[in-house]
Every structure is written in structure tokens, then in C-alpha cells.
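So the structure is just underneath, and the comments pick up after that.
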Amino acid sequence: RNLDLLCRAGKPIDQCNVRLPGPSTDTLDVTANVLPGGVKRIGDFSRGECGVRLATFTNERIGKFVCIVTIDGQQFESAIELRKRVPPRPTELKIAKATALIDGGLRANQLLKARCISRNGLPVANLTWLLDGKPIDESALKPAQITAEEQQDGTSLETIQQEVHMYVTPAENGQTLECVTNHPAF
């Protein structure tokens, strides 16, 4: 799917070159339209625009995109980091079998043990634990464990899991436990 990488300047551009992330570190002459397959020139030099459109965005294109423009004989360079975002799979919340529930909520006077898992996201997701919509005290949370798994296309997707261990007080009787996944792809 088309990905536009456009450089903008406040004045008309005389010359434009770009370096794309990937196996070749060659500088491409956008002005002369000397571009590899799947890369097309975009922008209007007279309006201070210069760039390229990638027909597809592959893993080999993750990295630094560099734009080098010449305006009135002076050269300027700018760069942006291209990253890939993959939303994680639906969140899994596992409550220990020994934890008793009451009316869909937690029963008081017991130790709650639960695990939240967010699988295969890029970057790794953030987890937030809530009890009846309010954040759970950090002291009840175990350190998060993050693992990476390489996919067939070479992308390394990350899984995060975390446990909560807390005593449910009488004031918390019937309250609901939630684990919310936050991710930039959402």
C-alpha cells in the first residue's frame, strides 16, 4: 500500500536526493527521476516539496529515511525514522482457579492471583490493571515479562505478560478486575 515520504521547504527546491532504508544505501536522484521499481517521485519542487511514494512498505524499509535538498545553492538534510506498528492480539486475562468470584466480581477475604497477556505486538504493548475502573496499587503487580518471537517475514513481535497478587478486602467485595492493553496501533 502506498507510503508517501515527503520533504517540505519554505522555498522552491533546485535539487532533491533521498536515501531509503534497506539493503542499498545509495543516494537516489529524485530530481532526475532515477528511482528503483516500486518507488515513484512525488511533490512539486516549485512549491518546496520533494519526496517519493513507496508502492509497498516491507520490513527491509524499516530504518532511517534521509532527504537531501538544494535550495539557492545551499544543501539541507533531514531524516525520519520509519517504524512498523503491529497491533497485538486480543488481551488475555487469566484468573487463578483458586480465586472465588461473586456476582461477576471478586469475593472478599482471599488472595487474588491473575495474569494478563498481550501477544505479538510491535512495539510491545503497555498493560494497565484496574479494579472497578481504578488503578491497582503498583505494589500488587509483579514485574512485567517481555519476550520476542520472530515471524516468517522477519518481523520480531513482542509479547508482554504481568501478574497481579493482592488480598481482596471486604471493601473490594464484588469489584471487577480489568487488564487494559494500550498500544500505538490502536
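Just so we're aligned: the sequence shown equals residues 80 to 265 in our numbering.
Glycine is no exception: its CB is placed at the ideal position from the N, C-alpha and C atoms.
The model shown is predicted, which means the values in this text are computed figures rather than measured ones.
query, result
"Nearest-angstrom Cα separation, counted from N252 out to R164", "39 Å"
"L180 versus R186 - alpha carbon distance", "5 Å"
"Residues near G117 in its chain [Cβ-Cβ closer than 7 Å; skip 5 each side]", "L133, A134, T135"
"Nearest neighbour of A219, chosen from I225, H244, N199 [CA to CA]", "H244"
"Beta-carbon proximity list for K221, same chain, < 8 Å, skipping 5 on both sides", "Q241, E242, V243, H244"
"Residues bridged to E171 (per DSSP)", "I196"
"Below-7 Å beta-carbon distance, Q231 vs any chain E residue", "Considering every chain present, this structure includes no chain E. It has just one protein chain."
"CA nearest to the CA of E171, picked from A204, E156, S157", "A204"
"Assigned exposure category for P167 - 16 Cβ within 10 Å defines buried", "buried"
"Alpha carbon of R80 to alpha carbon of L210, nearest angstrom", "41 Å"
"Simplified DSSP assignment, three categories, for S103", "coil"
"Sub-7 Å separation of A260 and S157 beta-carbons", "Before going on, a small fix: residue 260 reads as Thr here, not Ala. Cβ distance not < 7 Å, so T260 and S157 don't count as in contact."
"Bridge partners - T260, DSSP secondary structure assignment", "L206"
"Closest by C-alpha distance to V274, when choosing among K173, V113, L85", "Residue 274 lies beyond the range of the chain shown here (80 to 265); nothing can be said about it."
"DSSP bridge partner residues for S125 (one or two, in chain order)", "DSSP lists no partner for S125."
"Boundaries of the beta strand (DSSP E) in which S218 is found, first to last residue", "No beta strand (DSSP E) contains S218, which DSSP labels as neither H nor E."
"V109 burial status per 10 Å Cβ neighbour count (16 or more: buried)", "buried"
"Nonlocal neighbours in the same chain, by C-beta distance under 6 Å from N112, ignoring five residues either side", "R120"
"Test item: CB-CB of G183 and Q254 under 7 Å", "no"
"Cβ neighbour criterion (16 or more within 10 Å) applied to A193", "buried"
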